[in-house]
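Quick note on numbering: the numbering used here labels position 95 of the sequence shown as 95, and the sequence is numbered without any gaps. Notes for the one structure printed next.
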Amino acid sequence: MELTVDGHKVYAATGGKPFDPTKPAVIFIHGAGQDHTNWQLPARWFAWNGYTVLAPDLPGHGHSEGPALPTIDAMAQWVVHLMDAAKLEKAALVGHSMGGGIAVEAAAANPERITPVALLGTSLAMPVNEALLTAARDTPEQAHEMITSWSLAPRAKVGCNPAPGLWMSGGVMALLARNRPGSLHAAFNACNLWKTGPEAAARVRCPTLVLIGGSDSMTPPKIGRQLAEKVAGSHTVVIPGSGHMMMYEAPDAVLDALIAFFRSGAKT
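And the structure:
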C-alpha cells in the first residue's frame, strides 16, 4: 500500500489483506536501518484476525521516500501524520528498538489516539557507540557486521533458526544492506540525540507491553525493566535466550506475547 505523508510517498505492508480503516488498527514500527519485512509474521496474523494493519517503511528506509527524519520526536509526529493519511482516528503501536522509542513518544503526546502500545527491545535512552555511529556514516558494511554481532544472541549465530535452512546472521546482514545511503547513520544519530525517554514513558497511560529478550546485549533485561517501571501498569514478558532481533530469533514467542496482550483487553 502507498500513502502520501508530509508530501512524500510512503510504503506500508498490510499483512496480506486490504487496508480497512473501519477495523481496529495496529501500526508496526521497525528499528534503525530496518524495514517493514521485520513484521511479516505478526502483521499477517493481525490482518487475518480482525485487525487492519500498517507496517510502514520509515522515511528514507525501504520503499519510502526520504529524507530520513532527524529526531525520534519527528518520527513520532510522522506516525500521527501517517494515521491522518490513512484516515485512522485511533491505532495501537508495536515498535521494535528505535521503533519502540517512537511509539513511547507518540503515545505520550497523543493519548487520545494511540492505545495500546507494545515495546520490543526498547529502552529509555538509545546512546550509540561512537565507533558504530562513525562506521554507519563512513563504512556501512562494517556497521552492518557490528550490528549483526551485537543484536543476535549466541545461539542464533550457530543455527537455532526456527525456519530450518535459514542463516540468521546472513539474514540480518541482508536486511541492513537494503539501507539507502545515509539512512542508518541518520537513524542512529536520532537515537543518540534522544533524551526525553524517561519523561515520555512516565506520561504513557495506555495498556503497555514491554517485551524483553532474555539474552539481549543491545537492550539488556535490566534496561527493559527500567522502561517497564516508568510506564504505569505496564506488563512485562521476557523471552528466554532471545537477543535483540527477537522477531527473527523467537518469532512464535513474540507473536504469542502480542496475541495474549491484545486478547487481555488491550483494545485499540
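Ideal Cβ positions, reconstructed from N, Cα and C, are used throughout, including at glycine.
Measure from the C-beta of residue i to each C-beta in chain C and report whether the shortest distance is under 8 Å.
| i | result |
| --- | --- |
| Asp73 | Going by chain labels, chain C is absent from the structure shown, which holds only one protein chain. |
Just to confirm the assignment, what range does the beta strand (DSSP E) spanning residue i have?
| i | result |
| --- | --- |
| Thr148 | No beta strand (DSSP E) contains Thr148, which is instead part of the alpha helix (DSSP H) from 140–151. |
| His8 | 8–13 |
| Glu112 | Taken as a continuous stretch (DSSP letters only), Glu112 belongs to no beta strand (DSSP E), as it is neither H nor E. |
| Val5 | 2–5 |
DSSP puts residue i in a beta bridge; with which residues?
| i | result |
| --- | --- |
| Phe262 | Per DSSP, none; premise fails for Phe262. |
| Ile239 | Gly213 |
| Glu130 | None, per the DSSP bridge assignment. |
| Thr208 | Val117 |
| Ala91 | Ile114 |
Which term fits residue i, buried or exposed, when burial requires 16 or more other beta carbons within 10 angstroms of its beta carbon?
| i | result |
| --- | --- |
| Ala32 | buried |
| Val5 | buried |
| Glu199 | exposed |
| Ala260 | exposed |
| Thr208 | buried |
| Thr139 | exposed |
| Thr219 | buried |
| Val158 | exposed |
| Pro56 | buried |
| Ser215 | buried |
| Lys230 | buried |
| Ala108 | buried |
| Ser123 | buried |
| Thr22 | exposed |
| Asp256 | exposed |
| Asp35 | buried |
| Trp48 | exposed |
| Ala177 | exposed |
| Gly213 | buried |
| Gly62 | buried |
| Pro42 | buried |
| Asn110 | buried |
| Asn38 | buried |
| Ser183 | buried |
| Pro18 | exposed |
Along the chain, where does the alpha helix (DSSP H) containing residue i start, and where does it finish?
| i | result |
| --- | --- |
| Lys230 | 221–230 |
| Ala186 | 183–193 |
| Ala109 | 98–109 |
| Leu176 | 168–177 |
| Glu199 | 197–203 |
| Glu249 | 246–249 |
Are the region 24–42 and the region 81–90 in contact at 8 Å, needing three or more beta carbon pairs? yes
Three or more C-beta pairs below 8 Å linking the region 203–214 and the region 101–118: yes
Which full runs of the beta strand (DSSP E) of 3+ residues lie inside the region 17–74, going along the chain? Qualifying beta strand (DSSP E) stretches, in chain order: 25–29, 52–56.
Taking 8 Å as the cut-off, does the region 9–22 touch the region 168–175 (at least 3 CB pairs, one atom from each stretch)? The region 168–175 is not in contact with the region 9–22.
Would you call the region 190–199 and the region 63–77 touching, i.e. three or more CB-CB distances under 8 Å? As far as the Cβ criterion goes, the region 190–199 touches the region 63–77, which means the pair count is three or higher.
Counting pairs of Cβ atoms below 8 Å between the region 228–246 and the region 111–130, do you hit three or more? yes
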